[in-house]
Amino acid sequence: MNVGEKIMKETSTSITPHKINKPIQILGAWLAGLILIDTSFLTAAQFLDEPSWLSSLLVIASILNVPLFLFGLYQLQTKFRKELQDDEYYSKHLERESEKDYEQRLNILEKEKKNALLTVEGGEKFSSKIDGFSSAVKKVKRENEYTASDWSFLGIEEYRKNNFRLAQSYFEKALELDPEEIMSLNNLGTLLNCNGRYQEALDMLDKAISIDPKYPLPYHNKGNVFINTEEYDEAEKFFRLAHKLMPKHPAPLNSIGCALFKKKEDEEALIYFDLALLLDPKYPDPYIGRGSLKYHNSDYWGAVSDATKAIVLGKKDSMPFKNRALAYKKLELFSKAASDYETLSRIEPDKIDWIKQSADNFYRANDYEKAKAAYSKIGINHDEYASAQLNLIEISLLHNEVEEAKHKLELLSNVVKGEDNIVVLKIFEYICSSMSDSLGDKEKEEYLNFFESKSEFGWSLKEIKELSNKDFVTSSQKKEIEELVTKIQNKPNSNKAVEVTARSSASRSTSL
């Protein structure tokens, strides 16, 4: 017995159509009562002569009934509106109507689900129909009455809200009820892949394929797993199998292009990206792949153009903004790059590196106020804290705010440990002491030019030695630098650049 039949059986003895009290029915009854009472009063006033005042009283009463009725009508539509709509009969009637709507939606989703979804994150058209599904289910079902499809649809709805753990638990509940619920197998495999549990993901997807070898989605998602494990030949193989089963969908063509791009077969990859766009010019993913290819071939304006097209077409995850920011950096459009990194920090608020990148690029664009605001967001427990603080010190020095720089340096010296990092702090200590009012403009300019040329790429040991030969470094400071450098040279990997430096991450770029 389905839920609709159960509700009908439970309520058939207490609900009949003529007993359902809708507000308009009550208002109609009230108006009819007013007309009946006033008619009775006025008729009686015509025939009753004794006592003389009685007829006048009945006329006055019939007149007063009208404003009383209007006041009652106002109260009914305001103060007592909730009671009207929530009475037992009416609420059960609404519940039955919701149940009918739910059953219809469920039947439609059941028919469409298998071929409408390519991946959990990619099936926007289908998944949008599931919005609000949980509220509909909860109105008409107890949790122990949910079917496997109910849990599967609830999982997709939670996935769309980025509640991945909850989504995974719903897919698992669907599979407890029906171990062969193929959509949940596919979607759970996708989630496990995203969590780096690759073998478990492959097991889920293989099971889905064994249940229905003609269902294309698990083949495609197996390809995604092999992309993550860097088995690009296997990835291409499964993407091509998915394409054979769904030749009119652009996603497998785009994925084949991605696999070829990973294999450094750029020309063939470009062909597949373009084929995907021929099938659907409004599908954003091929623009991302094609833009990445253009970036690696130094066509930075082309990379910006394709990333922008993906964003305009509704691709709001991190990838197109990241790609465009990298291209803007290559074009030295640092302000635009910083804006994209700001967007990335909102999309992925847990990744502090986006804040650091936005600050670095605001710095390069000479927008020091925004750079300072961004650097200040990086907390003391983060790996980039020391680097961010050194950048703030540098900004203070460039604006001749020596006392502020000294204060920040003193706070930082209580946090930073390690000989490599102490060298950097010593250098900044010398810088602060050098930038006094007694330092001549020419000497100050010489220092700033040197500092700007070196701080961009980090401080190597060779550059630290160069610093010790500058005029503004005293003999005692020079000796101290040489002692520290000697200590570092005696350590393994001593030729690397000092890690914690001013703008040390400003020159880093992540490959697309």
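Just so we're aligned, residue 1 is where the sequence shown starts under UniProt numbering, counting upward by one.
All C-beta atoms, glycine included, are put in the ideal place defined by N, C-alpha and C.
Smallest Cα separation from ASN297: which of LYS282, MET319 and LYS330? LYS330
By Cβ distance, which residues of its chain are closer than 7 Å to GLN389, with the 5 residues on each side in sequence left out? LYS408 and LEU412
Distance check for LYS248 and TYR219, CA to CA, integer angstroms please. 16 Å
Buried or exposed: which applies to PHE71, given that a residue is buried once 16 or more other Cβ atoms fall within 10 Å of its Cβ? exposed
Go to PRO284, then tell me how far its alpha helix (DSSP H) extends in each direction, as first and last residue. Run containing PRO284: none; DSSP gives neither H nor E here.
Spatial neighbours of ASN65 in its chain, beta-carbon cut-off 8 Å, leaving aside the 5 residues before and after: LEU34, ILE37, ASP38 and PHE41
Best match in GLY289, LEU57, THR43 and TRP30 for proximity to TYR74 [C-alpha to C-alpha]: TRP30
Quick check on this structure: which residue in SER292, ALA371, ALA251 and ASN187 has the alpha carbon closest to the alpha carbon of GLU267? SER292
Euclidean distance between Cα positions of ALA303 and GLU157: 33 Å
Taking the continuous alpha helix (DSSP H) assigned at LEU344, which residues delimit it? 334-347
Under 8 Å, do PRO250 and ALA242 count as touching if we go by C-beta distance? no
Could you have a look at ALA373 and say whether DSSP puts it in helix, strand or coil? helix
Write down the C-beta distance between ALA396 and GLU384 rounded to the nearest angstrom, noting that I regard them as a contact closer than 8 Å. The sequence as given places Ser at residue 396; Ala does not occur at that position. Actually they are not in contact, since the Cβ atoms of SER396 and GLU384 sit about 18 Å apart, beyond 8 Å.
Under 8 Å by Cβ, that's how I've got LEU205 and ASN221 pegged, so tell me the actual separation to the nearest angstrom. 6 Å
Reference LYS207, options MET183, THR229, ASN228 and ILE227, closest by Cα: MET183
8 Å Cβ cutoff met for TYR232 and LYS263: yes
Can ALA359 and ASN391 be called in contact, C-beta distance under 8 Å? yes
Hey, LYS322 and ILE355 are a contact pair by Cβ (cut 8 Å); roughly how many whole angstroms apart? Between ILE355 and LYS322 the Cβ distance is about 14 Å, and since that is not below 8 Å, they are no contact.
If we count the other Cβ atoms within 10 Å of its Cβ and call it buried at 16 or more, is ILE63 buried or exposed? exposed
Is it buried or exposed for GLU394, if we count other Cβ within 10 angstroms and need 16 for buried? buried
Tell me the DSSP secondary structure of GLY196 in three-state form. coil
Mind reading off the beta-carbon distance from LEU188 to GLU172? Whole number of angstroms is fine, and I expect it under 8 Å. 7 Å
Mapping DSSP to helix, strand and coil, what is MET183? helix
Determine the contact status of ALA174 and ALA201, defining contact as a CB-CB distance below 8 Å. no
Are ASN228 and TYR198 touching if we call contact CB-CB under 8 Å? yes
With distances taken Cα to Cα, identify the nearest neighbour of GLY379 among TYR328, PRO286, ARG324 and LYS351. LYS351
Candidates PHE239, ASN224 and TYR170: which alpha carbon is nearest ALA276's? PHE239
Which same chain residues, not among the five before or five after GLU181, have their C-beta less than 7 Å away from its C-beta? ALA148, SER152, ALA174 and LEU175
Using the C-alpha atoms, what's the distance from GLU332 back to ALA374? 19 Å
Indicate the three-state DSSP secondary structure (helix, strand or coil) for PRO218 in the structure shown. helix
When you compare only the Cα positions, how much space is there between TRP459 and PRO213? Here the model assigns TRP459 a pLDDT of 49, short of 50, so the residue's position is not dependable and the matter cannot be decided.
Which residues in the same chain have their Cβ closer than 6 Å to the Cβ of GLN357, if we skip the five residues on either side of it in sequence? TYR341
Cα separation between HIS382 and ASP353? 10 Å
Are the CB atoms of PRO284 and GLY257 nearer to each other than 8 Å? no
Proximity winner among SER305, ASP306, MET246 and LYS309, relative to LEU279 (alpha-carbon distances): MET246
Whole-angstrom Cβ separation of LEU191 and PHE164, contact assumed at under 8 Å? 6 Å
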